[in-house]
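Chains as they are written, first to last, in this note's numbering: chain S, 553 to 716; chain E, 50 to 888. Written out below as structure tokens is the structure these notes cover.
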């Protein structure tokens, strides 16, 4: 009987131990999966968010660049105050504000290809507004000049004029 | 374990749901982003389209009594326009530039007056550059009273050049806006011509009136303004006054000069009164039109030509309108009443291939001109405007339909100046041009030119012209013009060693559904130059030294497609749009000036400008009054073959009220050539009896008249004399032999000659035979024996029959018709037949 009882007891213990290990194992597994799942979810969300931000940045940058539009409203030549210079009026005909950073004046008369670069720090033009600037260049009558305007977004606009 | 499994399923499901939601939100975000992008693109495209559709026009610029700037700006487009800025730059003053804010919106079709927007005092003696800017960035530049940017095409013509002492002459100053920058000229004013009398200080020049008009409010590119002055010159024969005209604020040295000379006018002998005569010519040879004849006999001036209702009676002659500016006169002698209606001058002429400045440019080794002015079957026939062009098989054929090309691609008025053009679908439409001596390029200079209108739907490479070689490689020898995938115009030529010269435009989208002109030049230094829209500065150049090598072509050049091999065009490189006036010069490179002249040449509805005048004159050609006058009337380009055939007629039409030309008056039709740099010379064909219909002889088709103009008459004294008359009533009548005569008075002596009547409408008259009854309105032919000092019926000519015969000379003729009428009264009719030349 004792042996039978002992046997029965030991069998019960074994059964109970097996149940505990299953629970522990399951618990560990579930915890691990949960942790991994949460981590993956968190990673994927942050990754998607990053991608979203990147797409938005690229999208906005390119669209804004495409939408940027500038015309040379007028270019006239002045002699006073000395030295000779050009008055360049630019109009923003696009749908966004823009920032003019550089104006290059290149003399293309004959073999003369000198370029003078005017750097601007106050070249912001709001939508539907215009902006005038004196571009320094010692022009002479009959000079053929290319005027190249660079904006902050990397667009370039060019026109040609002949000095009177 | 079951419950654990369930739990893991729930956890797994939660994660799955979370992942799916994340994925869906990402997809949704992506779609949303793409949607935004599309919306932005559509919005941008819409904005660019609106910018393209925006059109406004400065219709006039004036200054009011207070010298304030005024003018009208009209929205001629279909969308509203907002004007933002007006710039005013005074000519010749560098530092005075005014900017005015307009801020004025204009609905489609509406206008604004500048005086309501701007307060600016304008000096009428000065010139201004002005510029109007819109909110969409459209800039409209124009010059006000300041044609001083470039020399304009000025021409001064005195009309007539030779006048009797103290008579009037008209000075016509024509001004053509040939500025290369496409600007409007506003408020164009001439200065009264400067007058000098170099050969006699006593010569007196008096201005009667002018300039008329005092100014032109605006002059568009290519348009011509004409100002008129009237002057009298008093002095001795051969004295003259020289006039030099210019424009107010004009370009320095831009003037035009002509002179008026005092001289004797050569007069014809006076005619006498006549009635209801049809002249000495059978009625069967007459027409309702006034035919322009090549003869000048009996015309009031030796340089003038006859115009009457006889059919063309000669082999014809060709008149250069530029050098002759011909005048045509009817004969006097019959009063003619012309009903109100259209006077239609149908003129058969040929236009020069080029303006004078390019006249000989194709003479070197020939070339090709394809105006596309004829569709259908004419494409092989009439489009052979080649110069010295012979292929291996004889006369080369050009512009033959290939692929999907057919007559349905032809648009009669679709060209850049209302001329014919062909459309190309970009799928399979193209022309082949037979390879010949005149288009083989080789080591020669070469020029290719034409007009294109590239469709905005096109893409990739669209070839306009491609001449190439089949060597199985894509880099074979070639000479071509195309629109490339970046919407640039590209002119290039390449040799088989892969040496290519390439000239490509940049910065402008040429696939814009608008006409553009291109000229590609292989220059004397074997560089390539590409000119666009008449600009004298090349849009692109390439000076690669390899250009000197020989370009060897062995296949037929194509228009509208690219050759690959064996004359087969490439599937993807067909041109989509329209082409016109394709020209190729062999061994000739157009200069920059010639490029500009070619661009400004009108091969459409205004190739020539002619000043047409109808007037009444006395028998000596002295003006009695102008019936109508159209100054600088535009006439179409009329393509003629190189072999000199006249192919077309074009009309000058006037709508005129009832007009009466008196019996002692002539009708004068005058064509004055208005010259300008890009004008094409006009060669008029007249009096050509081989021309019957399409084209017909040059003539004036008048509304119904109550009588026929007195014809110019010639009589051969070896033949019987036929006179045609019409019975006007009021009674029917018979004509008898007794007393019916033709009388010829010698205009150079006191001698006169008479002729006996022989027959009336075929009935021989005798003592016992009168004519058949002549009813009211009947026309009858009277045949007379030959006129003699002692009239008789001697026949045939020769021997004693010629005794006292009327000699050759100019005579004034009358007919005396004796008979009786159906009222039982004797009647005698005297009909003046006008002047007649006896040969």
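We treat Cβ as the ideally placed atom computed from N, Cα and C, and that holds for glycine. Note that the structure is predicted; figures quoted are calculated from it, not measured.
Rounded to the nearest whole angstrom, the C-alpha separation of residue 853 of chain E and residue 792 of chain E is 14 Å. Among the residues facing chain S, residue 734 of chain E is not included, as its CB has no counterpart in that chain under 8 Å away. Annotated as distal: residue 109 of chain E and residue 126 of chain E, with beta-carbon spacing of 8 Å or more. With respect to the C-alpha of residue 409 of chain E, the residue from E:599, E:576, E:638 having the closest C-alpha is E:638. When secondary structure is reduced to three states using DSSP, residue 556 of chain E falls in the coil class, being assigned neither helix nor strand. Taking all protein chains in view, the Cβ of residue 844 of chain E is surrounded by fewer than 16 other Cβ atoms within 10 Å, so the residue is classified as exposed.
The beta-bridge partner set that DSSP reports for residue 292 of chain E consists of E:244, E:307. Taking the CA atoms as reference points, residue 676 of chain S sits about 28 Å from residue 696 of chain S.
Three or more beta-carbon pairs separated by less than 8 Å link the stretch 644 to 661 of chain S to the stretch 683 to 690 of chain S, which places the two stretches in contact. Under the three-pair Cβ rule at 8 Å, the stretch 376 to 394 of chain E counts as touching the stretch 716 to 730 of chain E.
For residue 278 of chain E and residue 607 of chain E, the gap between their C-alpha atoms comes out near 53 Å.
Near chain S, meaning a CB-to-CB distance below 8 Å, the residues of the stretch 552 to 579 of chain E are 556.
The DSSP assignment places no complete run of the beta strand (DSSP E) inside the stretch 659 to 683 of chain E (cut-off: 3 residues).
Exclusion of the five residues before and after residue 807 of chain E leaves 769, 813, 814, 832, 833, 834, 842 as the residues of its chain whose Cβ lies within less than 8 Å of its Cβ.
Nearest neighbour of residue 698 of chain S by Cα position, chosen from S:715, S:592, S:609, turns out to be S:715. In the DSSP assignment, residue 644 of chain E falls outside any beta strand (DSSP E) and within the unbroken alpha helix (DSSP H) covering 641 to 649.
C-alpha of residue 93 of chain E to C-alpha of residue 87 of chain E: approximately 10 Å in a straight line. Here residue 608 of chain S is exposed: its Cβ has fewer than 16 other Cβ atoms, across all protein chains shown, within 10 Å. With contacts defined as CB atoms closer than 8 Å, residue 691 of chain S and residue 138 of chain E fail to qualify as a contacting pair.
With contacts defined as CB atoms closer than 8 Å, residue 643 of chain S and residue 623 of chain S qualify as a contacting pair. With a cut-off of 8 Å on Cβ pairs, the stretch 555 to 563 of chain E is not in contact with the stretch 470 to 477 of chain E, counting fewer than three such pairs.
Of all residues in the stretch 572 to 606 of chain S, the ones placed with a Cβ closer than 7 Å to any Cβ belonging to chain E are 574, 578, 582, 585, 586, 589, 593, 596, 597, 600, 604, in chain order. Following the DSSP letters along the chain, one finds residue 370 of chain E inside the alpha helix (DSSP H) bounded by residues 370 to 373. Residue 645 of chain S has its alpha-carbon roughly 6 Å from the corresponding atom of residue 185 of chain E. Contact between residue 329 of chain E and residue 885 of chain E holds: their C-beta atoms lie close to 6 Å from each other, under 8 Å. For residue 539 of chain E, the uninterrupted beta strand (DSSP E) segment begins and ends at 538 to 543. Between the stretch 210 to 222 of chain E and the stretch 262 to 282 of chain E there are three or more inter-stretch CB-CB distances shorter than 8 Å, so the stretches are counted as touching.
The alpha-carbon of residue 465 of chain E is positioned some 14 Å away from that of residue 270 of chain E.
The Cβ neighbour count for residue 822 of chain E, taken over all protein chains shown within 10 Å, is under 16; the residue is labelled exposed. Contact check for residue 702 of chain S against residue 658 of chain S fails: the beta carbons are separated by 8 Å or more. In chain order, 888 place their CB closer than 7 Å to the CB of residue 765 of chain E, counting only its own chain and leaving out the 5 sequence neighbours on each side. Judged by DSSP secondary structure, residue 392 of chain E falls within the beta strand (DSSP E) whose first and last residues are 390 to 400. Chain-ordered listing is empty here: chain E has no CB closer than 9 Å to the CB of residue 699 of chain S, the nearest sitting near 13 Å. The stretch 474 to 491 of chain E makes contact with the stretch 507 to 516 of chain E, as at least three CB pairs between them are under 8 Å. A distance below 8 Å separates the beta carbons of residue 362 of chain E and residue 738 of chain E. Under the 10 Å beta carbon count, residue 652 of chain E is surrounded by 16 or more other beta carbons and is classified as buried.
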